[in-house]
Amino acid sequence: MDWVSDAASKRQFEGFAAEASDSLLRTGYLMTGDVREAEDLVQETFLRVARRWNRVRSMDHPAAYARRILINLVLDEAGRRSRQQAELGPQDAGIDAADESATRALREVDDFAEFRWALARLPARQRAVLVLRYWEDLPVAEVADVLGCSAGTVTSTASRAAARLAQALTRSGLPSTGPATRPS
Amino acid sequence: MPTHELEDQLRSTLARAAADFEHPDQARQRLLQRDYHPRRENLRLAAGITAGAALAVGLAAVITAVAHGPASKAAPLAAPAVRTRLLAAIDTASGDILYAKGGPAPDGGTWQSPAYPQPGQKVHVRTLGLGPDGTAFKDEEESFAMPSGNDSYTSNLDQGGLQLSGTILTVNHVRHVWGEWHSTFVLGFALDAAGIRAEIANGQFKVVGPAELHGQQAVQLEINVPPSNEAPPHVTAARLWVDATTYLPMQQYVRMSNGEQNVTDYTFLPPTAENLAKLRPRIPADYTRVGRTQVTGPKPKTAK
């Protein structure tokens, strides 16, 4: 059996879940902008971890494995939506926000519903880079490992994501092209 | 790479946005209360297959409560989201009574309490069989403690069946007799909840899309039925409709390899005294209590 198959293993899994749940919930929240969806994602993550618990528990960092599952769930769902909608949002062409203006835009954020709205408008992989790199505080190499890309891609994506985020925060009346809806 | 200042600003802003999560303790508590232990690996759709509508009870039994809010009617959920909601419903299932009814007879069917039994819990299943003319030909109650672990299941997984030990009470309306005895028996459908829970957790279904059933908004699911090595008849297709708002199952359809098709409707009943009484067969006063061999016998010709 490759799941939580005995009492000791079950207790161990429960300890892991208790420890990892808060961080995973907040990561899911930042990735989706929705509390309920974050909870769904974490539950699905725990189910998948439980199914492989006998292997996962011997890993150095089971929480990292769980985080990778959660991110992949978001990316898979985003991929499905993009195939259905044939778009994730406006293209990057024309985005030329400098770091300085992006910093300023972020510094002026005082409405976090607005910020989450802007974050949710980013393509899922850009969102994932920002959340993993700056919320989870993972090194670039680890972010690259989670997302299955190069370190260079992570850094360039982070720049583009920050620029797009700043643009969304500083411009008003953007057409709604992504899955998120603007907060009232 | 963004400048250090921008990176710091991103860290700070994301941290504050993450801290905005409302009631994380409640979400965390809900998550930790759920059971992540898939009890069985293989699909056992069938147990009740030979019993027709009974199969569906197992499917329905797992979905008795709703942990989250209503599903969006405008945007049907993807399978992972549906799965998590179904599992949440299973994990928060309490003592509801599940009434499953197939066929045209108005009063027959199966009552099971609790709808999703946990290991060690006392379970009651009543089956009332009615002929086309509404005449009862079978009224039986099985009572047993829900076993734990996978060892309780028979090896014949595709045919379902849970090896149990418990009490059987049967009323034979043809012979006007009844009996009650302790026995081991294989119950095919009632405990399939555990199997279906594992099945849902393993993702072996897909969301067909929104549908309307009995004038209500529903979500149609298609269960992926693996090829069966068992002797026919076995299930070749299965669909489940759940209420788009509550996620409670509304109807189950199965098609068998011999062409037979079964449709079962579900109703979830609160465990009131009146409803709990429905779990007990009615024994007319003039019926005689006899031994097991005198109660069980071939079904009358009208009972098909």
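Taken in sequence, the protein lines are chains A and B.
All residue numbers for the first sequence refer to this note's numbering, where the first residue is 1 and numbers rise by one.
All residue numbers for the second sequence refer to this note's numbering, where the first residue is 185 and numbers rise by one.
For each residue, glycine too, the CB sits at the ideal point set by N, CA and C.
For Met59/A, the three-state secondary structure derived from DSSP is coil. Runs of alpha helix (DSSP H) with 4 or more residues, each lying fully within the segment 22-72 of chain A, are found at 35-51 and 53-56, listed in chain order. C-alpha of Val358/B to C-alpha of Ala422/B: approximately 34 Å in a straight line. Around the Cβ of Gly304/B, a 10 Å sphere holds fewer than 16 other Cβ atoms; the residue is exposed. Of all alpha-carbon atoms in Asp204/B, Asp449/B and Trp295/B, the one lying nearest the alpha-carbon of His398/B is that of Asp449/B.
Chain A has a Cβ within less than 9 Å of the Cβ of Pro186/B. In this structure, the straight-line span from the alpha carbon of Ala64/A to that of Tyr300/B is close to 33 Å. Its Cα nearest to that of Trp135/A, the residue Ala158/A stands out among Ala158/A, Gly152/A and Gly148/A. Val474/B: not part of any beta strand (DSSP E); DSSP gives it neither H nor E. Ser23/A and Val49/A have their alpha carbons spaced roughly 15 Å apart. Under the three-state reduction of DSSP, Glu14/A is assigned to helix. At a cut-off of 9 Å, the C-beta of Ala141/A has no neighbouring C-beta in chain B. In this structure, the straight-line span from the alpha carbon of Trp365/B to that of Leu353/B is close to 7 Å. Counting C-beta atoms within 10 angstroms of its own C-beta, His418/B has 16 or more neighbours from the protein chains shown and is therefore classed as buried. Shown here for Ala199/B: not one same chain residue has a beta carbon closer than 6 Å to its own, the five before and five after excluded. Nearest C-alpha to Glu325/B among Ala263/B, Pro468/B, Pro455/B and Val355/B: Val355/B.
The straight-line gap separating the alpha-carbon atoms of Phe16/A and Ser9/A is approximately 10 Å.
Using a Cβ-Cβ cut-off of 9 Å, Phe389/B does not count as an interface residue toward chain A, since no Cβ of chain A sits closer than that to its own. Under the 10 Å beta carbon count, Asn442/B is surrounded by fewer than 16 other beta carbons and is classified as exposed. A contact between stretches requires three or more CB pairs, one per stretch, nearer than 8 Å, and the segment 117-131 of chain A fails this requirement with the segment 35-46 of chain A. Glu142/A sits buried, since 16 or more C-beta atoms from the chains shown fall within 10 Å of its C-beta. By the neighbour-count criterion, in which 16 or more other beta carbons inside 10 Å mark a residue as buried, His308/B falls on the buried side.
Contact with chain B is found for Gln43/A, since one of that chain's Cβ atoms lies less than 9 Å from the residue's Cβ. Sixteen is the threshold: when 16 or more other Cβ atoms of the shown chains lie within 10 Å of the Cβ of Pro62/A, as they do, the residue is buried.
Around the beta-carbon of Glu77/A, 16 or more other beta-carbon atoms lie within 10 Å, marking it buried.
With respect to chain A, the C-beta atom of Asp427/B has no partner C-beta closer than 9 Å.
Between the C-alpha atoms of Thr368/B and Ala329/B there is a straight-line separation of about 12 Å. Boundaries of the alpha helix (DSSP H) around Gln167/A: Ala151 to Thr170. Spanning the alpha carbons of Gln445/B and Gln478/B requires a straight line of approximately 33 Å. By the CB criterion at 9 Å, Ile281/B and Leu463/B fall inside the cutoff.
For Arg116/A, no beta strand (DSSP E) encloses it; the enclosing alpha helix (DSSP H) starts and ends at Phe112 to Ala120. Within the DSSP bridge table, the entry for Tyr283/B names Trp295/B and Thr451/B as partners. Membership of Glu326/B in the beta strand (DSSP E) is indicated by the continuous run Ala320 to Ala329. Secondary structure note for His188/B: its alpha helix (DSSP H) is the uninterrupted segment His188 to Ala203.
At least one C-beta of chain A is nearer than 9 Å to the C-beta of Leu216/B.
Looking only at Val35/A, Ala163/A, Glu14/A and Leu73/A, the smallest Cα-Cα distance to Trp53/A is reached by Glu14/A.
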